[in-house]
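Engineer:
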Amino acid sequence: AFRVNPGGGACGAAVALLSPWREVLDAASWRGLLARGVLPKLAEGMAAFRVNPADQKLGPVRRVLAWAGLLGLEQLAALLLRTFFPRWLAALAEWLGQDPD
20 AFRVNPGGGA CGAAVALLSP WREVLDAASW RGLLARGVLP KLAEGMAAFR
70 VNPADQKLGP VRRVLAWAGL LGLEQLAALL LRTFFPRWLA ALAEWLGQDP
120 D
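Residue numbers (the numbering used here): 20 to 120.
(1) Suppose the cutoff is 6 Å on Cβ atoms and the five residues either side in sequence are ignored; what does the same chain contact list for Pro79 look like?
(2) Between the region 42 to 52 and the region 100 to 110, can you find at least three pairs of beta-carbon atoms closer than 8 Å?
(3) Quick one: what's got a C-beta closer than 8 Å to Gln94's C-beta in the same chain, skipping five residues either side?
(4) If you compare alpha carbons, which of Ala33, Arg41, Leu108 is closest to Leu61?
(5) My parser needs the alpha helix (DSSP H) runs of 4 or more residues fully inside the region 33 to 82; what are they?
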């Protein structure tokens, strides 16, 4: 079977490969394809993401954002709310709570 890894290093290629199908599939089928085949892989990639202002690695976030034009707003927001913002808010709270001395 042919497999596309939407969260892998060749993310742009996966986006380009699946983009034409958006025009072929109805909206419900397209959302289902993304929900079953793309979003789990993007979430898996974000599981390794750590907020580290001293040495920030943005690869997983960039891979998610590469899909922004194809994901529905609800799908993108749900993914970021689940995988990015809790970590970002925790790091921000820790940073703001540090003694300035």
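No residue lacks a Cβ here, since even glycine has one placed at the ideal position from N, Cα and C. Keep in mind that this is a model prediction, so the values were computed, not measured.
Structural biologist: On the basis of the coordinates in this document:
(1) Gly64, Met65, Phe68
(2) no
(3) Arg50, Leu53, Ala54, Leu58
(4) Ala33
(5) 40 to 43, 46 to 52, 58 to 66
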